[in-house]
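Enquirer: Quick one: structure below, then a few questions.
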Amino acid sequence: MKKIVLTGGGTAGHVTPNIALLPALRQAGYEISYMGSYDGIEKRLIADFDIPYTGISTGKLRRYLDIRNLTDPFRVIKGFSEARKYLKSYCPDVVFSKGGFVSVPVVRAAAALGIPCILHESDMTPGLANRLCFPVAKKICCNFPETMQMLPEGKAVLTGSPIRSELAQGNRIAGLDLCGFTANRPVILVIGGSLGAANVNKAVRDALPRLLEDFQVVHLCGKDKIDNLLLTTSGYKQFEYVKTELKDLFAMADIVISRAGANSICELLALKKPNVLIPLPAASSRGDQLLNAASFEAQGFSLVINEDDLTTELLVAKVHELFSNRQSYHDAMGRSGQMDSVHTILRLIEEAAQT
């Protein structure tokens, strides 16, 4: 049986694309193992999938002054030693890395043992962890055409981000029933529940009186972010979060309002959902969401509102503009070369495993 080690962690975005690959890898006959930090979010997320998990020591790769910069290099060295020991014993045919600081010792240890490595970079500008692994990578997958120019020549492949296949298997009627909506009015899905989305939540709620004149709105607003004053508002349904029901909400939605995290917008692309993006501003991030959103707008996949410009009037206007022209956005996404991510990445994994 072919063997593969998956790695990546630190945030859910460095894990969920690996999870999306699991069904295709199993169907292709791979024995799968996962390497991450001792107690990171990756360990919790992978626990549901009956995959052996190996924890290693990790140290964050900070580009700012911090006392831990003096000790974390030793943790990285320890992690390299632990990863090398495990990989030498397990003997995988290939390693697939989704990035994050935990991936660096794994990829570097694999390369030291002659094990081919495939990397995936979600954001338009490569993160530090992945950049440290570029020299030893066989291929580097990416989500945006612009990223190709920032990657080593001959290694870059525009794949898009793998998404969970079940997201495309939703039932519109089930979504309508879950929300108590009617079938004769269009639906806006608002994905505003992640960290830093308070301004999106507020903007949508401020615009509700006007949005509800023409639309029904389902709002994923985040833990403890339910507005009790709006619980009985007709045509408006709030959830802190959803799990298996997300596929039905996507199936029901005509358009989406969202932040511009790479994995989230790649889900919108794969599902061909016309969208308004409100990227996290540079002051609250390294600016990657602004770049992600600009790329999707340039490719005709999205309308973008910068948070600094966000007003009720602008949000309502953009929503109506998007809905009126939704078919053109749907068609542009259908022409994208980033649609069949899982199978494209699987092909690269197979080619690497055979070398």
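Okay, so the sequence shown: first residue is 481 according to this note's numbering, each after it adds one. Backbone N, C-alpha and C define an ideal beta-carbon position, used for all residues, glycine too.
1) For K717, which of A763, R611 and F695 has the nearest alpha-carbon?
2) What number of angstroms, rounded off, separates the C-alpha of D707 from the C-alpha of G634?
3) Could you name each continuous beta strand (DSSP E) segment of 3 residues or more that falls completely within the stretch 653-729, going from the start of the chain to the end?
4) Following the continuous beta strand (DSSP E) through F576, name the residue where it begins and the one where it ends.
5) Near L505, what residues of its chain come up, given a Cβ to Cβ distance below 8 Å and the 5 sequence neighbours on each side ignored?
6) Between S645, I620 and V637, which has its C-alpha nearest L501's C-alpha?
7) Quick check: L669 and A733, are their CB atoms within less than 8 Å of each other?
8) For I829, which three-state DSSP category applies?
9) Pull the bridge partners of S782 from the DSSP assignment, please.
10) Give every residue of the same chain whose Cβ lies closer than 6 Å to the Cβ of Y566, excluding the five residues on either side of it in the sequence, and list them in chain order.
11) Using CA coordinates, which residue listed in A687, V722, G672 and D789 is at the minimum distance from C701?
12) Using 8 Å as the Cβ pair cut-off and three pairs as the minimum, do the stretch 718-725 and the stretch 606-621 touch?
13) Nearest to S808 by alpha carbon, out of H823, Q779 and D788?
14) What does a CB cutoff of less than 7 Å around T496 pick up in its chain, not counting 5 residues either side in sequence?
15) Just the Cα atoms here: how many angstroms apart are S602 and F554?
16) Who are the Cβ neighbours of Y570 in its own chain at under 8 Å, not counting the five residues just before and after it?
17) The alpha helix (DSSP H) spanning A590 covers which residue range?
18) Since S808 is in the beta strand (DSSP E), which residue starts that stretch and which ends it?
19) Is it buried or exposed, A527, if we count other Cβ atoms within 10 angstroms and call 16 or more buried?
20) Could you compute how far the alpha carbon of M515 sits from the alpha carbon of D686?
21) Whether or not the stretch 657-667 and the stretch 812-824 are in contact is what I'm after, with contact meaning three or more pairs of Cβ atoms, one per stretch, closer than 8 Å; do they touch?
Expert: So, to answer that:
1) Numbered from 1 along the sequence shown, position 237 holds the residue referred to as residue 717. Checking every option, the nearest Cα to that of K717 belongs to F695.
2) Within the sequence shown, numbered from 1, the residue matching residue 707 stands at position 227. Within the sequence shown, numbered from 1, the residue matching residue 634 stands at position 154. If you take the alpha carbons of D707 and G634, they lie about 51 Å apart.
3) Look at the stretch 653-729 and you find these whole runs of beta strand (DSSP E), each 3 residues long or longer: 667-671, 696-700 and 716-719.
4) Here the question's residue 576 lines up with position 96 in the sequence shown. In the DSSP assignment, F576 falls within the beta strand (DSSP E) that extends over V574 to S577.
5) Within the sequence shown, residue 505 is the residue found at index 25, counting from 1. Non-local C-beta neighbours of L505 in its own chain, meaning closer than 8 Å and more than five positions away in sequence, comprise I484, I512, L826 and I829, ordered along the chain.
6) In the sequence shown, the residue the question calls residue 501 occupies position 21. Of S645, I620 and V637, the residue nearest in Cα terms is S645.
7) Numbered from 1 along the sequence shown, position 189 holds the residue referred to as residue 669. Numbered from 1 along the sequence shown, position 253 holds the residue referred to as residue 733. It is a contact, given that the beta carbons lie within the stated cut-off.
8) As a working mapping, residue 829 is identified with position 349 in the sequence shown. In the three-state reduction of the DSSP assignment, I829 falls in the helix class, which pools H, G and I.
9) As a position in the sequence shown, residue 782 is number 302, starting the count at 1. According to DSSP, S782 bridges with N755.
10) As a first step, residue 566 must be located in the sequence shown, where it is residue number 86. T534.
11) As a first step, residue 701 must be located in the sequence shown, where it is residue number 221. Among A687, V722, G672 and D789, the Cα nearest to that of C701 is on G672.
12) The stretch 718-725 and the stretch 606-621 do not touch, with fewer than 3 CB-CB distances between them shorter than 8 Å.
13) Taking the sequence shown and counting its residues from 1, the one referred to as residue 808 is at position 328. S808 has its Cα closest to that of Q779, out of H823, Q779 and D788.
14) Position 16 of the sequence shown, counted from the start, is the residue given in the question as residue 496. Once the five neighbours on either side are set aside, the close Cβ partners of T496 are N743.
15) For this step, residue 602 is matched to residue 122 along the sequence shown. For this step, residue 554 is matched to residue 74 along the sequence shown. Within the model, the alpha-carbon separation for S602 versus F554 is close to 28 Å.
16) One-based indexing of the sequence shown puts residue 570 at position 90. Contacts found: K483, V485 and S513.
17) Residue mapping note: residue 590 aligns to position 110 of the sequence shown, counting from 1. Where A590 is concerned, the enclosing alpha helix (DSSP H) stretches over S583 to A592.
18) Residue mapping note: residue 808 aligns to position 328 of the sequence shown, counting from 1. Following the DSSP letters along the chain, one finds S808 in no beta strand (DSSP E) but inside the alpha helix (DSSP H) bounded by residues R806 to G814.
19) Locating residue 527 in the sequence shown gives position 47, where the first residue counts as 1. Only exposed fits A527, as fewer than 16 other CB atoms lie within 10 angstroms of its CB.
20) Taking the first residue of the sequence shown as position 1, residue 515 is located at position 35. Taking the first residue of the sequence shown as position 1, residue 686 is located at position 206. Cα to Cα, M515 sits roughly 44 Å from D686.
21) These segments do not touch.
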